[in-house]
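Novice: My structure is below; once you've seen it, I'll send some questions.
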Amino acid sequence: MRLSKSSTSPFRLSLGAKLISYLILLFWTFIVLFPLYWLLVTSFKLPIDVSQGPKYVPTVDFQPSLHAWIDMLNPSDSANIFWRPYFTTIGVGVISAVLSLVIGAGAAYALTRFEYRPKPALIFIFFLCGVGAALMIALGVPWLVAVAVGVVVYFLLAQGIGWRFKGTMNNSDIAFWLISQRILPPVTVIIPIYILFQQLGMLDTPQALIISYCATNLPIVIWFMRDYFQTIPIELEESAFIDGASRFQVFHRIVLPLAVPGLVATFLIVLVFSWNEYTMALFLSGSRTQTMPLLVSAQNATRGPQWWNISVLVLLMVTPLIFMAVLLERYIAKGLLIGAVKG
Amino acid sequence: MRNLRSFLALAVMLVLMFCLFSLASAQDQPYAGVTVRVLSFTGPQVTEPLLRRGPDFEALTGAHVEVTTVPFSDLYQSILTDQATGTNSYDAFVLAPQWLADFVTPGYFADLSGHVASDEAIQWDDIAPFFRNFIASYAGGVYSIPLDGDLHTIYYRTDVFADEGLEPPKTWEDYLTVAAALNGKDLNGDGEADYGSCIPKRRAGQGYWWVLDVAGGYLQSQGTGQGAFFDTQTMNPLVNNAGFIRALEIYDETTQYGPPDELNLELNDTRSLFLTGRCALTIDWGDIGSLSIDPDSSTVAGKVGTLLMPGSTEVVDRATGALVPCDETTCPYAIDGVNHAPLAAFGGWGGAVSAASAPEVQDAAYAFFSYMSQPAQSNVDVTMGKTGYNPYRLSQTADLAPWVAAGFTEEGAADYLGAIEASLNSPNMILDLSIPQTQRYQQVVLDTVISQFLAGEFTAEEAAQQIYDQWQEVTDEIGRDSQQEAYLASLRISRDD
Amino acid sequence: METLERDVPLSKTASERQIRKQVRGSRHDNTARFVFLLPTVLIILFLSIFPLVSSLLLSLTRVNFVRGGLDIKFIGLANYEKLLLGSGQRHFIGSLQAPSLFGGLCWLVVSGLMIFWFMRYVQSTGRSITGAFFHLLATILTIGMFWIVVATLGEKGVPGTFVVTLIFVFVGVFFQYIIGLGLALLLVQDLPGRRFFRVIFLLPMTITPVGIGFLFRMMTNTSVGPFAPIWVGLGLRDFSWAETGSGARTAVLIGDIWQWIPFMFIVLLAALEGVAHEQVEAARVDGANRLQLFQHIIVPQIAPVSMTVILIRLIEAFKIIDMPRLLTGGGPGTATESMALHAYNEWRSPNLGGSAALSYLLLFVVTFVAIMFVNIVRQRIGEHL
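Chains as they are written, first to last, in numbering that gives the first Met the number 0: chain A, 0 to 342; chain B, 0 to 496; chain C, 0 to 384.
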């Protein structure tokens, strides 16, 4: 691999340069950690400790109080608002990240190894059939019938008039089209998505959140993993084919193990996105599936932000992610090879 | 082939996980009987008592109360989308009375007049008439059960005023004078200069109500039925006149006597500034009274005075838009020559019941709100700062005992309740706007333009013209006639009483 | 840079050859090629394209909530007209006034460059009618947009949400890249303890944007925030960043930059670790100093990664909403209101049609900027995007 041990690192340093480097690194560590420290101390403050001006050190500047932690964590309190959103966030975040990784990695692999020449016209016809089917469902037609009708109409049209269209797309067009979906601001698409899930009776279910997050994260997965798969030499796959392996076997046994760093790094990024997402959750989740960002935002009540509660919630939210970042650190830098392909 | 199979196995496992997860969340309802799903906003204010008393109510009636909270700022949208799309994930809603027009018109809420008429425990007549009308009623029906009563009053530091020999303000000019005099003085003995007046002016906060507080005394002098937002004849906004512009100038001047970052302060911030002794004057809802006696939040217990909203000695002549001095015809309700028009800002929270829920669920939901509103519960809740409930029953302002028991001094309680009572009894009280799409008039147009004005992007005249133009546009978009009808209906409510 | 440009056709054919070779890979490929791609296409079609088209239709309507559902009225382009020319113009575009001298000069320079770019295309060998049309369109749009920027940022002008968004995006991404690159350069060195720093530097990215909005409201409070004593010590007691538009924008930018430096940092670190060591060693033997090393060896090698990561951040940064929403509420005035926040506010009002129109304008601006970026970068660095 191109990643070498530090002993051969070309960036060797004199003692003075080392000192300056450490000074800058420590300064930046302070910049990163101080806000987190402030969250921690604020979580132990009473309202009056916040409003009386900055107080930095518990027990010295103020008497720490566990009131916010007890409010949030006490499981015997029937009015507890914390645990359900917490588990919802973990479940939805992890499942949607895994799902988008599985689906997206397959697509990314296919885009680097197969040649596609689809006709945009056919995709458009397919899309129209899909919309038609959705409309039928909305109008009360059983969904199986609607889907069947849509599929049949598509094949009739595709066989009937498909050959008339000449324009084709290639792999980078498909990739660009898929990736460009990331451009959509959530506000643009959320109202139709809300109505879609409402028609399907899926509002306020974890499935709706999982599928939506999967859709918003797929472009990122494809973008990252496509660039990663391009760095994997294809000779290994070729020799496996000579030995009679199938494409799925090759993907599963040779490509995926080689792509572990990329998969892990992408998983973490995607997990962070769906873990922290706010706008879509605001629409799609209700009493049963409230997620943590909503709960955090909700602490800004009529009386203004409840700083102590916000601090507790943000700390509890970020802890699992920090834990994972520490655990998987060695994969992260190795796995993000976007744009690194030399062709 | 074997590997294809294990690949499929992975997919199946994922699908299974997916299903298990959905199952786990679907069967999370271990309670038998009726479940009332209440939508509220995250507290502790307002929601805390619902959560606290829910189990008691269940023990009494067997109905399980499930409270969901969304951010305060998203509550309106959550109710609207839930009802408009027929999702109906909730049976009952905690809501602001200003939204009733938007929700009652399309038929989202159940008319509760029958329930109220046959319910003695709620003691309907004990609820102050103003709240019975403004919070509860719309278009002749009862759609919301009052849980809280909200109006703005002035809070000031009695000790500081006594030391400096200052009189509490009666007019807005007085307010500016005392704020200027006290700004920069050390008010809490920590050796640092403090502020004369603290008003939350943050964009997308609730700052627009404070402008209306100031403008009220200039705009409305002929009693509640006159209205302070639109001309009842033409439905033209009452903003591009000398009175509103004068109010904008006063509002802008108060910034000079406040904290430097006042333009980014929310209610929470100004409250904590006042409660830690850093402000001489503030305008706020009743919460501040009960919070001031809570040692976890306040260092000014026993030093807080409460006042009727200041007024003006000049009022707008609606024919010309100019200011005319107060006399017996122009200001029939003036006190000592000053026209006061206290604003029922926001008005108070109420509970409404979804018309789409099953009848027995509707009954249970009503019973829950009734239980919350009954004096046995609410007279205790209003004395607790954290509930965010402020007095709305006659028995709550008449009886000092629960307030003293909660930690008020006798004198403080009398002063606090006296100012609230005086506002409630004022024949010239301003009804907050309650017509379809009130949000767009106030939270979007008014809030944005006021913020632009305070940031110096507009002069007072330009700001008034902007509000006027944009309000006209909203009115025309929705329909001038229907909006005028709704506005008149909202004012007529008070005339009938 | 010139050599890289010439490399482009080469690398393209190389990857094409790769694909063709692989087509013969396996008997099952005819099934596999669809099994791999189909789920993605389906999900994107129904959760991105379908809502996209519906939103477009929604933006041409006025929606009212009436008894029994929604009353949807087709009103043509009125929502767009209101934002671009009507009463919403002041909010969306801003107040156009004479630009400052410096702004005017900048505008002239940019206009000159764009016209030069267009002329060069017209005179180039690969030109076509459609190509010329799109280049002309891009030139006119860029000049027009830049005029809006300089005219609203002049002495008397007031920027609308469009210009505010551009400021957030370009200033934010610029600093994220510079600082992210600096940190990555430090940590690619052979320093004991670098694993520790790597993990620490990643942390801001893992916090929910909603939480960071609240966090920075605490941090930037000049009376009870942690830096209040320093602020007062500097003699700024009676001054607050919240009073002025540029001050508030700076506060929002600081929070946004703090949050997204880690992303730039980690990707650039990966790229720097991949820099071919032989070249570095060879250059060192030839007596290249640190700066020359950076300029001639490292920069060209990490350029493709840099451009990709900048593109990703550009696209993401246009969606900025939680930071201004929670830190300043979009105030003072409209000084920190981004287009996404503007659309969110319209949607809340509730003005679904207006909100959809704004979202579409946002989509248009992002797509335009992304395509311009990709095209300019492709011409200069090669096809990696």
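C-beta atoms are modelled at their ideal positions from N, C-alpha and C, and glycine is treated no differently.
Is Gly224 of chain C close to chain A, meaning its C-beta is less than 8 Å from at least one C-beta of that chain?
Specialist: Output row for Gly224 of chain C: interface = yes.
Novice: According to DSSP, is Val299 of chain B part of a helix, a strand, or is it coil?
Specialist: It is coil, neither helix nor strand.
Novice: Let me see if you follow: with CB-CB separation under 8 Å, is Phe71 of chain B close to chain A or not?
Specialist: Yes, contact with chain A.
Novice: Based on DSSP bridge pairs, tell me the residues matched to Cys213 of chain A.
Specialist: DSSP, once it has assigned bridges, lists no residue as partnering Cys213 of chain A.
Novice: Give me the chain B residues within the contact set of Pro117 of chain A, using Cβ-Cβ distance strictly less than 7 Å, ordered along the chain.
Specialist: What Pro117 of chain A touches in chain B: nothing, since even the nearest Cβ is about 24 Å away.
Novice: Using a cut-off of 8 Å between C-beta atoms, extract the partners of Asn235 of chain B located in chain C.
Specialist: Per Cβ cutoff of 8 Å: no residues; Asn235 of chain B is ~16 Å from chain C at best.
Novice: Taking the continuous alpha helix (DSSP H) assigned at Arg216 of chain C, which residues delimit it?
Specialist: That run of the alpha helix (DSSP H) goes Pro208 to Met218.
Novice: Do we get a CB-CB distance below 8 Å when we pair Gly479 of chain B with the residues of chain C?
Specialist: The amino acid occupying residue 479 of chain B in the given sequence is Arg; Gly does not appear at that position. It does not; no Cβ of chain C falls within 8 Å.
Novice: Confirm, please, whether the CB-CB distance from Asp90 of chain B to Ala340 of chain B is below 8 Å.
Specialist: Cβ atoms of Ala340 of chain B and Asp90 of chain B: not closer than 8 Å.
Novice: Looking at the secondary structure, which residues open and close the alpha helix (DSSP H) in which Gly334 of chain A lies?
Specialist: It spans Glu328 to Gly334 - the alpha helix (DSSP H) in which Gly334 of chain A sits, taken as one unbroken run.
Novice: Is the region 297-312 of chain B close to the region 84-95 of chain A, with three or more CB pairs under 8 Å?
Specialist: Flag = no, the region 297-312 of chain B and the region 84-95 of chain A do not touch.
Novice: Taking DSSP as the reference, what is the three-state secondary structure of Gln376 of chain B?
Specialist: Note: Gln376 of chain B maps to helix in three-state DSSP.
Novice: Can you have a look at Met118 of chain C and say buried or exposed, based on whether 16 or more other CB atoms are within 10 angstroms of its CB?
Specialist: Met118 of chain C should be labelled exposed.
Novice: Could you tell me which chain C residues have their CB closer than 8 Å to the CB of Tyr277 of chain A, listed as they occur along the chain?
Specialist: Those are Thr207, Pro208, Val209 and Asp321, listed as they occur along chain C.
Novice: Using a Cβ cut-off of 7 Å, which residues of the region 41-74 of chain C contact any Cβ in chain E, in chain order?
Specialist: The chain inventory of the structure shown lacks chain E, comprising the protein chains A, B and C.
Novice: Report all residues from its chain with a CB closer than 6 Å to the CB of Tyr303 of chain B; omit the five preceding and five following residues, and keep chain order.
Specialist: A small correction: the amino acid at residue 303 of chain B is Val; Tyr does not occupy that position in the sequence shown. If we look at Val303 of chain B and ignore the five residues flanking it on each side, its Cβ neighbours are Tyr154 and Ser291.
Novice: Classify Asn350 of chain C as helix, strand or coil using the three-state DSSP reduction.
Specialist: The answer is coil: DSSP assigns Asn350 of chain C none of H, G, I, E or B.
Novice: Less than 8 Å between CB atoms is the rule here; does Trp346 of chain C satisfy it with respect to chain A?
Specialist: So yes, Trp346 of chain C belongs to the interface.
Novice: With DSSP as the reference, label His63 of chain B as helix, strand or coil.
Specialist: Here His63 of chain B sits in strand by DSSP.
Novice: Kindly identify the DSSP beta-bridge partner or partners of Phe92 of chain B.
Specialist: B:Leu38 and B:Ala351, per the DSSP bridge assignment.
Novice: Cutting at 7 Å between CB atoms, please list the residues of its own chain near Pro70 of chain B, excluding the five before and the five after it.
Specialist: Answer for Pro70 of chain B: Phe40 and Thr41, listed in chain order.
Novice: State yes or no: is the C-beta of Leu312 of chain A within less than 8 Å of the C-beta of Val295 of chain A?
Specialist: Yes, Cβ-Cβ distance for Leu312 of chain A and Val295 of chain A is below 8 Å.
Novice: Using a Cβ-Cβ cutoff of 8 Å, what residues of the region 355-380 of chain B are near chain A? List them in chain order.
Specialist: Taking 8 Å as the Cβ-Cβ cut-off against chain A, none of the residues of the region 355-380 of chain B qualify.
Novice: Give me the Cα-Cα distance between Asp295 of chain B and Trp348 of chain B, rounded to the nearest whole angstrom.
Specialist: Near 25 Å, if we compare the C-alpha coordinates of Trp348 of chain B and Asp295 of chain B.
Novice: Determine the chain A residues that contact Leu274 of chain B at a beta-carbon separation under 9 Å, and present them in chain order.
Specialist: Going along chain A in sequence order, the residues near Leu274 of chain B (Cβ under 9 Å) are Pro46, Ile47 and Ser50.
Novice: May I ask you to verify whether the region 207-220 of chain A touches the region 180-199 of chain A, counting CB pairs closer than 8 Å and requiring at least 3?
Specialist: Because the criterion of three Cβ pairs below 8 Å is met, the region 207-220 of chain A and the region 180-199 of chain A touch.
Novice: Using a Cβ-Cβ cut-off of less than 8 Å, list which residues of the region 291-309 of chain A approach chain B; keep chain order.
Specialist: For the region 291-309 of chain A, which is checked against every Cβ of chain B, the residues closer than 8 Å are Leu293, Leu294, Ser296, Ala297, Gln298, Asn299, Ala300, Thr301, Arg302, Gly303, Pro304 and Gln305.
Novice: Less than 8 Å separating the beta-carbons of Leu490 of chain B and Ala127 of chain B?
Specialist: No, these two residues do not count as a Cβ contact at 8 Å.
Novice: Are Pro208 of chain C and Asn308 of chain A closer than 8 Å when you measure CB to CB?
Specialist: No.
Novice: For Ser450 of chain B, return the contacting residues in chain C, with the cut-off set at a CB-CB distance below 7 Å.
Specialist: Under the 7 Å cutoff, chain C gives Gly330, Pro331 and Gly332.
Novice: To the nearest angstrom, how far is it from the Cα of Phe29 of chain A to the Cα of Asp255 of chain C?
Specialist: Cα to Cα, the separation comes out at about 17 Å.
Novice: Quick check on the DSSP output: the alpha helix (DSSP H) that includes Arg197 of chain C runs from which residue to which?
Specialist: Element bounds for Arg197 of chain C: Arg193 to Thr205.
Novice: May I ask you to verify whether the region 165-177 of chain A touches the region 185-201 of chain A, counting CB pairs closer than 8 Å and requiring at least 3?
Specialist: They do not touch, by the three-pair rule.
Novice: Check the C-beta distance from Tyr137 of chain B over to Leu99 of chain B and give it rounded, since I have them as a contact under 8 Å.
Specialist: Right, their Cβ atoms sit about 4 Å apart.
Novice: Against chain B, does Thr327 of chain C count as a neighbour if the rule is that its beta carbon must be under 8 Å from one of theirs?
Specialist: Closer than 8 Å: yes.
Novice: Going by beta-carbon coordinates alone, are Pro323 of chain C and Gly332 of chain C separated by less than 8 Å?
Specialist: No, these two residues do not count as a Cβ contact at 8 Å.
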